[in-house]
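K.L.:
Sequence positions in the sequence shown follow the numbering used here and run 3 to 609. Take this structure first; my questions come after.
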Amino acid sequence: MSLADLPLGPLQRALVASLQRLDPAAEPLVLASAALLCGALEQGDVCLPLARLAGQRPWPEQDFALPPLGEWRQALQASSLVGETGAFAPLILVGERLYLARYEAYERQLAEQLLARAGDRPAVDEARLGESLARLFAFNSEQPDWQRLAAAQAVRRRLAVISGGPGTGKTTTVVRLLAALLEQPGGDRLAIGLAAPTGKAAARMAEAIRTAKASLPVDAAIKAALPEEARTLHRLLGSRGDSPAVRHHAGNPLALDVLVVDEASMVDLALMAKLVEALPPQARLILLGDKDQLCAVEAGAVFAELCEGRGFDAQAAAELQRITGQAVPVAVPGSRLGDAVVLLTHSHRFAGDSGIGELARRINGGDVPATLALLQEDRADLAWNARPTPQDLLERLDRGYAPYLAAARRGEPAAAFAAFNAFRALCAQREGAWGVAGINEALEARIKRRGQVAGRERWYVGRPVMVRQNDYALGLFNGDIGLCLQSDHGLRVYFEGEDGYRPFAPARLPSHDSAFAMTVHKSQGSEFAEVLLALPEQPSPLLTRSLFYTGITRAKQKVEIWGLAPRLAEAVSTRAERAAGLAERLSLAAPRPAPAACGGGQLGLFE
Numbered sequence: 003m004s005l006a007d008l009p010l011g012p013l014q015r016a017l018v019a020s021l022q023r024l025d026p027a028a029e030p031l032v033l034a035s036a037a038l039l040c041g042a043l044e045q046g047d048v049c050l051p052l053a054r055l056a057g058q059r060p061w062p063e064q065d066f067a068l069p070p071l072g073e074w075r076q077a078l079q080a081s082s083l084v085g086e087t088g089a090f091a092p093l094i095l096v097g098e099r100l101y102l103a104r105y106e107a108y109e110r111q112l113a114e115q116l117l118a119r120a121g122d123r124p125a126v127d128e129a130r131l132g133e134s135l136a137r138l139f140a141f142n143s144e145q146p147d148w149q150r151l152a153a154a155q156a157v158r159r160r161l162a163v164i165s166g167g168p169g170t171g172k173t174t175t176v177v178r179l180l181a182a183l184l185e186q187p188g189g190d191r192l193a194i195g196l197a198a199p200t201g202k203a204a205a206r207m208a209e210a211i212r213t214a215k216a217s218l219p220v221d222a223a224i225k226a227a228l229p230e231e232a233r234t235l236h237r238l239l240g241s242r243g244d245s246p247a248v249r250h251h252a253g254n255p256l257a258l259d260v261l262v263v264d265e266a267s268m269v270d271l272a273l274m275a276k277l278v279e280a281l282p283p284q285a286r287l288i289l290l291g292d293k294d295q296l297c298a299v300e301a302g303a304v305f306a307e308l309c310e311g312r313g314f315d316a317q318a319a320a321e322l323q324r325i326t327g328q329a330v331p332v333a334v335p336g337s338r339l340g341d342a343v344v345l346l347t348h349s350h351r352f353a354g355d356s357g358i359g360e361l362a363r364r365i366n367g368g369d370v371p372a373t374l375a376l377l378q379e380d381r382a383d384l385a386w387n388a389r390p391t392p393q394d395l396l397e398r399l400d401r402g403y404a405p406y407l408a409a410a411r412r413g414e415p416a417a418a419f420a421a422f423n424a425f426r427a428l429c430a431q432r433e434g435a436w437g438v439a440g441i442n443e444a445l446e447a448r449i450k451r452r453g454q455v456a457g458r459e460r461w462y463v464g465r466p467v468m469v470r471q472n473d474y475a476l477g478l479f480n481g482d483i484g485l486c487l488q489s490d491h492g493l494r495v496y497f498e499g500e501d502g503y504r505p506f507a508p509a510r511l512p513s514h515d516s517a518f519a520m521t522v523h524k525s526q527g528s529e530f531a532e533v534l535l536a537l538p539e540q541p542s543p544l545l546t547r548s549l550f551y552t553g554i555t556r557a558k559q560k561v562e563i564w565g566l567a568p569r570l571a572e573a574v575s576t577r578a579e580r581a582a583g584l585a586e587r588l589s590l591a592a593p594r595p596a597p598a599a600c601g602g603g604q605l606g607l608f609e
């Protein structure tokens, strides 16, 4: 076999060339394995799962088949390029998983530090905690009250993982648990930080907390101590441009006692490892997210792995019942983080008869017939176009955005943003007639013709844009939405800010795209009154259960699905599984690592 004949991408070829310089006599199978590993990382996997690929032809057009698992492992173990955990080698083999050394170190150290943090219990005044929780969550009548239980665990532990779908009250829970924490002895001295993966998510988190704390049944001093500002994780850690190194790490930890991270399902393995390493040993880490949502664009599905094996054993259930007065179901955890994870199940957004809520449950259950049957029912908040055409879609989007374009012509930013958030088109992919690029181009051409705007003109009243890169000088971040409106100074692009709407001259904006349609990935964390979800005509690896679920749950009032029945069936039946070993390292069956200090680690490991 000649490696030159394999259809490798630029990154794969660069990695293979680097390994060949280290070992000119390296076996072609080892180099091909490294190329496959590089491709797996680009697809979001953390490692190469040997058992899943053994005996297969990874490049169908080439006459090359991988050997059986045992033979493949022996070839890798015999190579000087491959080592075991902790070895100084570019590739690391752990059982049946092949890693790049950096990612194996990320995963191993993250698991060790999470376990150390979860096992370290801070001192808590349980009587005062019980009183605080009873008062702060008195409005809840659900039994058991998972919000109250999540708050109790977050106060009593240095690690808490809180997962819940849209409308399950994650923000309500975190505001009230922070209030309970501040009411503990010495709580007034706590340094609390709020963070999220993107600027948009951070701004939305800060706004939600500012709104929620106004109605808290606590003293004014407690309200004043609650944080009102949130930062992106990259800014919190002090990212250094294109370098993987960050300013804050174990040797220069964050000056925080509590860190709350929202939209944690969007955090990749490398970023989560750096974050946990930078957190002081005594600090509490609270992760909020939705385990069923799309995971990070980069490698890893950390939040979903943390939620595996959750459960309360008899001792944990008894402790919680003593403090909260809530009867807690006993379920033997499969993970050593088991009782650090709480799942919020009651949706306050979707009522019991909600079509969207029921559709979300059927999608997550992987039930194709039940999903299609529900979409054929006459539900006020669900619609399905099973025979869509690009022209029909264009007509529908033109009608859907008509109220927004009318509001944009009036030039009032608040009204324009309200109208724009009332309807949004979401896509599974970027390219093609059913993708973001195709829809935006076709719809913009139609709007320009009607408004007598020259086709070559980029800017016009009503053009929505999405920022593609962070610009800290302007305070604009990847994912931020701006609307082009007429002002006294000509066309200006308005962005929502904490103190109103901020106008920018179009020429000042960082890299951006038109945003009548956006990908489901980019919509994470956003909410719209109505959503139109357009699925591609042809089979696509992007069509997964998590994408379908994330797309439909962006809608608060109604969702329309435009897609062929086979595509819907593929999305519901396809569970996106990323190859990784974090959940296995955290499982009760895993060998217990040597004790590690919380927040400790190898200096320079991530540089």
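Every residue gets a Cβ at the ideal spot worked out from N, C-alpha and C, and that includes glycine.
Report the residue ranges of all beta strand (DSSP E) runs contained in full by the stretch 250 to 311; include only those spanning at least 3 residues, in chain order.
P.N.:
If we require 3 residues or more, the beta strand (DSSP E) runs fully inside the stretch 250 to 311 come out as 260 to 263 and 286 to 291.
K.L.:
With 16 other CB atoms within 10 Å as the buried threshold, where does Tyr474 fall?
P.N.:
For this step, residue 474 is matched to residue 472 along the sequence shown. Label assigned to Tyr474: exposed.
K.L.:
Suppose you measure from the CA of Ala37 to the CA of Pro246; what does that come to, to the nearest Å?
P.N.:
Here residue 37 refers to the residue found at position 35 when the sequence shown is read from its first residue. Here residue 246 refers to the residue found at position 244 when the sequence shown is read from its first residue. Cα to Cα, the separation comes out at about 22 Å.
K.L.:
Restricting to Cα atoms, I'd like to know which of Ser542, Lys202, Gly336 and Val177 is closest to Leu308.
P.N.:
The residue labelled residue 308 in the question sits at position 306 within the sequence shown. Checking every option, the nearest Cα to that of Leu308 belongs to Gly336.
K.L.:
Closer than 8 Å by C-beta to Glu44: which residues in its own chain qualify, once you throw out the five before and the five after it? Chain order, please.
P.N.:
Position 42 of the sequence shown holds residue 44. Within the same chain, Glu44 has close Cβ partners Gly11 and Leu13.
K.L.:
Among residues of its own chain, excluding the 5 on either side of Lys558, which ones have a beta-carbon nearer than 6 Å to its beta-carbon?
P.N.:
Along the sequence shown, read from residue 1 onward, the residue named residue 558 stands at position 556. Correct list, in chain order: Glu529 and Ala531.
K.L.:
So for Glu562, helix, strand or coil by DSSP?
P.N.:
By one-based count along the sequence shown, residue 562 stands at place 560. Reduced to three states, the DSSP call for Glu562 is strand.
K.L.:
Quick one: which unbroken beta strand (DSSP E) runs of 3-plus residues sit fully inside the stretch 43 to 97? Chain order, please.
P.N.:
Taking only runs of at least 3 residues, the beta strand (DSSP E) segments lying wholly in the stretch 43 to 97 are 93 to 96.
K.L.:
So, for Asp47: in the same chain, excluding its five sequence neighbours on each side, which residues have a beta-carbon less than 6 Å away from its beta-carbon?
P.N.:
Along the sequence shown, read from residue 1 onward, the residue named residue 47 stands at position 45. Correct list, in chain order: Arg580 and Ala581.
K.L.:
Name the two residues that bound the continuous alpha helix (DSSP H) containing Phe497.
P.N.:
Start at 1 with the first residue of the sequence shown, and residue 497 comes out as number 495. No alpha helix (DSSP H) contains Phe497, which is instead part of the beta strand (DSSP E) from Gly492 to Gly499.
K.L.:
Determine the direct distance from the alpha carbon of Leu8 to that of Gln22, and round the result to whole angstroms.
P.N.:
Residue mapping note: residue 22 aligns to position 20 of the sequence shown, counting from 1. Residue mapping note: residue 8 aligns to position 6 of the sequence shown, counting from 1. Roughly 16 Å between the two C-alpha positions.
K.L.:
Is the Cβ-Cβ distance between Ala573 and Leu534 less than 9 Å?
P.N.:
Taking the sequence shown and counting its residues from 1, one reaches residue 573 at position 571. Taking the sequence shown and counting its residues from 1, one reaches residue 534 at position 532. Contact: no.
K.L.:
Residues in its own chain within less than 7 Å of Leu135 by CB, not counting five upstream and five downstream?
P.N.:
Reading the sequence shown from its first residue, position 133 is the one you call residue 135. Closer than 7 Å at Cβ, skipping near neighbours: Arg150, Ala153, Ala154, Ala182 and Thr326.
K.L.:
Have a look at the DSSP bridge pairing and note the partners of Met520.
P.N.:
Position 518 of the sequence shown, counted from the first residue, corresponds to residue 520. DSSP, once it has assigned bridges, lists Leu428 as partnering Met520.
K.L.:
Would you report the Cα separation of Arg381 and Gly357, rounded to the nearest angstrom?
P.N.:
The residue given as residue 381 occupies position 379 in the sequence shown. The residue given as residue 357 occupies position 355 in the sequence shown. One C-alpha to the other measures close to 6 Å.
K.L.:
Whether or not the stretch 214 to 228 and the stretch 183 to 190 are in contact is what I'm after, with contact meaning three or more pairs of Cβ atoms, one per stretch, closer than 8 Å; do they touch?
P.N.:
With the cut-off at 8 Å, the stretch 183 to 190 and the stretch 214 to 228 touch.
K.L.:
Using the three-state DSSP reduction, which class does Ala223 fall into: helix, strand or coil?
P.N.:
The count along the sequence shown starts at 1 and reaches residue 223 at position 221. Ala223 falls in the helix class under three-state DSSP.
K.L.:
Short check: CB of Ser165 to CB of Leu322, under 9 Å?
P.N.:
Translated into the one-based positions of the sequence shown, residue 165 becomes position 163. Translated into the one-based positions of the sequence shown, residue 322 becomes position 320. For Ser165 and Leu322, no; Cβs fall outside 9 Å.
K.L.:
Using the Cα positions of Leu5 and Ser525, report the straight-line distance between them to the nearest angstrom.
P.N.:
Counting from 1 along the sequence shown, the entry for residue 5 is found at position 3. Counting from 1 along the sequence shown, the entry for residue 525 is found at position 523. Whole-angstrom Cα-Cα distance: 40 Å.
K.L.:
Need the endpoints of the alpha helix (DSSP H) that Ser134 sits in, please.
P.N.:
As a position in the sequence shown, residue 134 is number 132, starting the count at 1. Unbroken alpha helix (DSSP H) run through Ser134: Glu128 to Leu138.
K.L.:
Pick from Gly402, Gln328, Leu545 and Asn387: whose alpha carbon is nearest that of Gly132?
P.N.:
Position 130 of the sequence shown holds residue 132. Out of Gly402, Gln328, Leu545 and Asn387, Gln328 has the C-alpha closest to the C-alpha of Gly132.
K.L.:
Determine, using beta-carbon pairs with one atom in the stretch 510 to 519 and one in the stretch 428 to 447, whether at least three such pairs fall under 8 Å.
P.N.:
Contact between the stretch 510 to 519 and the stretch 428 to 447 is present, because at least three Cβ pairs lie under 8 Å.
K.L.:
Assuming Glu532 is part of the beta strand (DSSP E), what are its boundary residues?
P.N.:
Here residue 532 refers to the residue found at position 530 of the sequence shown. It spans Phe530 to Ala536 - the beta strand (DSSP E) in which Glu532 sits, taken as one unbroken run.
K.L.:
Pick out the complete alpha helix (DSSP H) segments inside the stretch 149 to 211, 4 residues or longer, and give them in chain order.
P.N.:
You should have 172 to 184.
K.L.:
Does DSSP classify Asp348 as helix, strand or coil?
P.N.:
Counting from 1 along the sequence shown, the entry for residue 348 is found at position 346. In the sequence under discussion, the amino acid at residue 348 is His, which differs from the Asp named in the question. Note: His348 maps to coil in three-state DSSP.
K.L.:
Between which two residues does the beta strand (DSSP E) harbouring Arg504 extend?
P.N.:
Counting from one through the sequence shown, the residue named residue 504 turns up at place 502. Here the beta strand (DSSP E) through Arg504 covers Gly502 to Phe506.
K.L.:
Opposite Ala557 in the DSSP bridges: which residues?
P.N.:
As a working mapping, residue 557 is identified with position 555 in the sequence shown. Its beta-bridge partners are Phe530.
K.L.:
Does DSSP classify Asn387 as helix, strand or coil?
P.N.:
By one-based count along the sequence shown, residue 387 stands at place 385. Strand, per DSSP.
K.L.:
Roughly how many angstroms separate the alpha carbons of Glu397 and Ala275, rounded to a whole number?
P.N.:
Counting from one through the sequence shown, the residue named residue 397 turns up at place 395. Counting from one through the sequence shown, the residue named residue 275 turns up at place 273. If I take the Cα positions, the gap works out to 47 Å.
K.L.:
Classify Val32 as helix, strand or coil using the three-state DSSP reduction.
P.N.:
Looking up residue 32 in the sequence shown gives position 30. Three-state result, Val32: helix.
K.L.:
Using DSSP with H/G/I as helix, E/B as strand and the rest coil, what is Thr326?
P.N.:
Here residue 326 refers to the residue found at position 324 when the sequence shown is read from its first residue. In this structure, Thr326 counts as helix in the three-state DSSP scheme.
K.L.:
Using a threshold of 9 Å, state whether the C-beta atoms of Pro466 and Leu485 are closer than that.
P.N.:
Your numbering for residue 466 matches position 464 in the sequence shown. Your numbering for residue 485 matches position 483 in the sequence shown. Contact flag set, yes.
K.L.:
Measure the C-alpha to C-alpha separation of Phe305 and Asp270 and round it to an integer number of angstroms.
P.N.:
Sequence index remark: in the sequence shown, residue 305 carries index 303 (1-based). Sequence index remark: in the sequence shown, residue 270 carries index 268 (1-based). Cα to Cα, the separation comes out at about 9 Å.
K.L.:
Whole angstroms is fine: what's the gap from Phe497's alpha carbon to Glu562's?
P.N.:
To locate residue 497, count along the sequence shown from 1; it is residue 495. To locate residue 562, count along the sequence shown from 1; it is residue 560. Approximately 27 Å, taken between the alpha carbons.
K.L.:
Which one of Gln540, Lys202, Pro92 and Val248 has the shortest CA to CA distance from Arg234?
P.N.:
For this step, residue 234 is matched to residue 232 along the sequence shown. Just to set this straight, residue 234 is Thr in the shown sequence, not Arg. Answer by Cα proximity: Lys202.
K.L.:
DSSP three-state label for Phe577, please.
P.N.:
Here residue 577 is taken as the residue at index 575 of the sequence shown, counted from 1. Strictly speaking, residue 577 in this sequence is Arg, with Phe absent from that position. Arg577 falls in the coil class under three-state DSSP.
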